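The structure under discussion appears below in the form of structure tokens.
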Amino acid sequence: MRACWQRWTPSRGQPVADWIAHAADPVRGRIHVPGDKSVSHRAIMLASIADGVSRIDGFLEGEDTRATARIFGQLGVRIEAPSDGTRIVHGVGIDGLQAPDNALDCGNSGTAMRLLSGLLAAQFFASTLVGDGSLSRRPMRRVTDPLRLMGALIDTDADGTPPLHISPAASLEGIDYGSPVASAQVKSAVLLAGLRARGMTSVTEPHPTRDYTERMLRAFGIDIDYGPGFARLIGGQRLRATAVLVPGDFSSAAFPIVAATLVPDSALVIENVGIDPRRTGLIEALRLMGARIDVQDVRSGPTGDIATLVVSHAPLRGIDVPATLVPDMIDEFPVLFAAAACAEGVTRVRGAAELRVKESDRITAMAEGLRGLGVTVHETEDGADIIGGVVQGGDVDSLGDHRIAMAFAVLAQRAGGAVRIRDIDNVATSYPGFDAQMRGLGLGLEAID
Ligand code: S3P
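Numbering of the sequence shown is given in my numbering, commencing with residue 2 and proceeding in unit increments.
Below you can see the structure in the form of structure tokens.
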């Protein structure tokens, strides 16, 4: 279905598309999902500041990760793209980045902006980091506070939001930072600044977060000590080029996993997915709800274990999401809310206030969208109660948030009528080709622009 219909978003100044999503066939097939976003960003960053030429395979061809690659081009790094998913990065060394002529545009990507703030705070040149409307509303003090403690000269808008203006600092000092927030982006920003700081830089976290920066720094030859909830390194080390193989992104796999769980008669296989325990809390939560998800053929990869996921339909019941799982599924709450809407009984989420500062306020975005489809939701400061039941057709606004759009596309497969999902262009930030791949699995999903 295609309609001649267009709308303009003032913040982006571009026409935006919508989806019509509706119940269709059982979810069946065997797929690979696109490369991991977190690993792809880090691969470009570390390869750029390494000595020598690195090859990246499985690179996510999404707008977020391409923005990071473009930025390193502006910083004087030659990056070749011989084919989709491959990058050849001619590293310039830890001291080889060049001053950019213009502001560095991180687009929609908080990971790009926060990690780059650490890397650029330690350079002998000035730089400015900007983002789109959503990123320009996101909190940056969580990175600028520790970087300033290290001696960085870095300014935000008065309310702590972008743009970030970085001035050259004489030199940075290592710190011992106890992060108040469980955030891999904060930890990574401090560690990347620490690469060029004097002495030891260490970070401890209130709850362990994904450790890709630590694993990958080690793969690039850095002597780094880390474990669950802590990491430390000594400044002044150099990175050595290496090959990076990016696994499939569990956060992308989460959408077809929930679709196959919700739609009767489904049977789905997803190959080559990264299953880092700091990412896969959704599997535990869905299993508690009654889902049938098998993790098969587990093998170790350079950025953690990789596996084949086998999913079939199962009826779900509501749960209290265990607090300990929350940080391990922080990106998966939109689709968990979708699953909860189809479960029998109430699903309670608490301790998830971080959802309010993602690409959108994901608690309110999901609650409002669900209500538009006839689902009862009670919002709290740090979560929600979702009363499972009948889901109707209707109209929902993704607020330009990729994961909200994909969560409603999945939920619509169980709705009583068609669901119009507004403003879906940003799905390309993390999951290019989502709608075509999902149609191939049997989902009812068409774009209208
Ligand atoms: C990411 C860390 C998480 C996650 C984001 C990617 C990363 O953010 O939500 O999608 O690549 O380090 P926080 O560090 O804000 O928790």
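C-beta atoms are modelled at their ideal positions from N, C-alpha and C, and glycine is treated no differently.
Quantities reported herein were computed from a predicted structural model and do not represent experimental measurements.
Problem - Unbroken beta strand (DSSP E) run spanning Thr205, endpoints - result: Indexing the sequence shown from 1 puts residue 205 at position 204. Residues Met201 to Thr205.
Exercise for the section: May I ask whether a heavy atom of ligand 1 can be found less than 7 Å away from the beta carbon of His496? Expected result: The structure shown does not extend to residue 496, since the chain is modelled only from 2 through 450, so no value can be given for it.
Problem - Rounded separation between Val187 and Ala416 - CA only - result: If you number the sequence shown from 1, residue 187 lands on position 186. If you number the sequence shown from 1, residue 416 lands on position 415. Computed Cα separation, rounded: 39 Å.
Handout entry: Close beta carbons around Asp158, own chain, < 8 Å, minus the five adjacent residues each side
Key = Position 157 of the sequence shown, counted from the first residue, corresponds to residue 158. For Asp158, where only same-chain residues beyond five positions count, the Cβ hits under 8 Å are Pro164.
Practice task
Can you grab the Cα-Cα spacing for the pair Thr348 / Gly441, in whole Å?
Solution key: One-based indexing of the sequence shown puts residue 348 at position 347. One-based indexing of the sequence shown puts residue 441 at position 440. Approximately 31 Å between the Cα atoms of the pair.
Practice task
Consider the C-beta atom of Gly111 and the heavy atoms of ligand 1; say whether any pair is separated by less than 7 Å.
Solution key: Looking up residue 111 in the sequence shown gives position 110. Yes - ligand 1 has a heavy atom lying nearer than 7 Å to the Cβ of Gly111.
Problem - When Leu240, Ala353 and Ala342 are compared against Ile50, the one with the closest alpha-carbon - result: The residue you call residue 50 lines up with position 49 of the sequence shown. Considering only alpha carbons, the answer is Leu240.
Practice task
Go to Ala261, then tell me how far its alpha helix (DSSP H) extends in each direction, as first and last residue.
Solution key: The residue labelled residue 261 in the question sits at position 260 within the sequence shown. If you look at Ala261, you'll find it in the alpha helix (DSSP H) that goes Phe251 to Leu263.
Handout entry: Asp426 versus Arg143: straight-line alpha-carbon distance, rounded
Key = Here residue 426 is taken as the residue at index 425 of the sequence shown, counted from 1. Here residue 143 is taken as the residue at index 142 of the sequence shown, counted from 1. Approximately 28 Å between the Cα atoms of the pair.
Practice task
Excluding the 5 residues preceding and the 5 following Ala341 in the sequence, name in chain order all residues of the same chain whose CB lies nearer than 7 Å to its CB.
Solution key: Here residue 341 refers to the residue found at position 340 of the sequence shown. Within the same chain, Ala341 has close Cβ partners Gly319, Thr348, Ile387 and Gly389.
Handout entry: Euclidean distance between Cα positions of Gly418 and Leu412
Key = By 1-based counting over the sequence shown, the position of residue 418 is 417. By 1-based counting over the sequence shown, the position of residue 412 is 411. Roughly 11 Å between the two C-alpha positions.
Problem - Under the three-state DSSP convention, the category His42 falls into - result: The residue you call residue 42 lines up with position 41 of the sequence shown. Reduced to three states, the DSSP call for His42 is helix.
Practice task
Go ahead and pull the three-state DSSP assignment for Leu269.
Solution key: Locating residue 269 in the sequence shown gives position 268, counting from the first residue. Correct three-state label for Leu269: strand.
Exercise for the section: With a threshold of 7 Å, establish whether the CB of His208 neighbours any heavy atom of ligand 1. Expected result: Translated into the one-based positions of the sequence shown, residue 208 becomes position 207. Outside the cutoff, so no.
Exercise for the section: Report whether the distance from the Cβ of Ile331 to the nearest heavy atom of ligand 1 is below 7 Å. Expected result: Here residue 331 is taken as the residue at index 330 of the sequence shown, counted from 1. Within the cutoff, so yes.
Practice task
Check whether the stretch 324-335 touches the stretch 351-362, taking contact to mean three or more Cβ pairs, one atom from each stretch, closer than 8 Å.
Solution key: yes
Problem - His91, enclosing beta strand (DSSP E) - first and last residue - result: Your numbering for residue 91 matches position 90 in the sequence shown. Run containing His91: Thr87 to Val93, per the beta strand (DSSP E) assignment.
Problem - Element boundaries [alpha helix (DSSP H), containing Ser189] - result: Position 188 of the sequence shown, counted from the first residue, corresponds to residue 189. Its alpha helix (DSSP H) spans residues Ala185 to Gly195.
Exercise for the section: Check Ala4 in the structure and name its three-state DSSP category. Expected result: The residue you call residue 4 lines up with position 3 of the sequence shown. Because the pLDDT of Ala4 is 33, which lies under 50, any placement of that residue in the model is unreliable, and the number read from its coordinates should be weighed accordingly. Ala4 falls in the coil class under three-state DSSP.
Practice task
Spatial neighbours of Arg79 within its chain, please: CB distance less than 6 Å, with the 5 preceding and 5 following residues excluded, ordered by chain position.
Solution key: Along the sequence shown, one-based indexing puts residue 79 at 78. Answer for Arg79: His91, listed in chain order.
Handout entry: Among Asp58, Ile89, Arg293 and Val182, nearest to Phe73 - alpha-carbon criterion
Key = Taking the sequence shown and counting its residues from 1, the one referred to as residue 73 is at position 72. Comparing Cα-Cα distances from Phe73 to each of Asp58, Ile89, Arg293 and Val182, the minimum goes to Ile89.
Exercise for the section: Figure out for me which residue from Gly352, Ile405 and Arg351 has the closest Cα to the Cα of Glu369. Expected result: The residue labelled residue 369 in the question sits at position 368 within the sequence shown. Checking every option, the nearest Cα to that of Glu369 belongs to Ile405.
Handout entry: First through last residue of the alpha helix (DSSP H) which encompasses His403
Key = Along the sequence shown, read from residue 1 onward, the residue named residue 403 stands at position 402. Residues His403 to Leu412.
Handout entry: Rounded separation between Ile1 and Tyr178 - CA only
Key = Beyond the ends of the chain as shown, which are 2 and 450, falls residue 1; an answer cannot be given.
Problem - Option in Leu310, Ala315 and Val270 with minimal Cα separation from Val289 - result: The residue you call residue 289 lines up with position 288 of the sequence shown. Reading off the sequence shown, one finds Leu at residue 289, where the question assumed Val. The shortest Cα separation from Leu289 among Leu310, Ala315 and Val270 belongs to Ala315.
Practice task
With a threshold of 7 Å, establish whether the CB of Arg211 neighbours any heavy atom of ligand 1.
Solution key: As a first step, residue 211 must be located in the sequence shown, where it is residue number 210. Arg211: yes, Cβ under 7 Å from ligand 1.
Exercise for the section: Measure the C-alpha to C-alpha separation of Ala260 and Ala286 and round it to an integer number of angstroms. Expected result: Counting from one through the sequence shown, the residue named residue 260 turns up at place 259. Counting from one through the sequence shown, the residue named residue 286 turns up at place 285. In this model, Ala260 and Ala286 are separated by some 15 Å (Cα to Cα).
Practice task
Taking 8 Å as the threshold, find out whether the stretch 301-317 comes into contact with the stretch 226-233 through three or more Cβ pairs.
Solution key: Contact annotation: the stretch 301-317 does not touch the stretch 226-233, with fewer than three C-beta pairs closer than 8 Å.
Handout entry: Cβ neighbour criterion (16 or more within 10 Å) applied to Val391
Key = Indexing the sequence shown from 1 puts residue 391 at position 390. The residue is exposed, with fewer than 16 neighbouring Cβ atoms inside 10 Å.
Exercise for the section: Starting from the Cα of Gly200, find the closest Cα among Leu283, Leu192 and Pro207 and give me that residue. Expected result: For the purposes of this step, residue 200 is identified with residue 199 of the sequence shown, where counting begins at 1. The option with the nearest alpha carbon to Gly200 is Leu192.
Exercise for the section: Can you give me the start and stop residues for the beta strand (DSSP E) that Arg239 sits inside? Expected result: Your numbering for residue 239 matches position 238 in the sequence shown. That residue, Arg239, is in no beta strand (DSSP E); it is neither H nor E in DSSP.
Handout entry: Residues sharing a beta bridge with Ile388, DSSP
Key = Locating residue 388 in the sequence shown gives position 387, where the first residue counts as 1. Listed as beta-bridge partners of Ile388 by DSSP are Val347 and Thr377.
Handout entry: Integer-rounded CB distance, given that Leu246 should sit under 8 Å from Pro209
Key = The residue you call residue 209 lines up with position 208 of the sequence shown. The residue you call residue 246 lines up with position 245 of the sequence shown. Not really, about 24 Å apart at Cβ, beyond 8 Å.
Handout entry: Beta-ladder partner(s) of Tyr178, from DSSP
Key = For the purposes of this step, residue 178 is taken as residue 177 along the sequence shown, with counting starting at 1. Beta-bridge pairing links Tyr178 to Val204.
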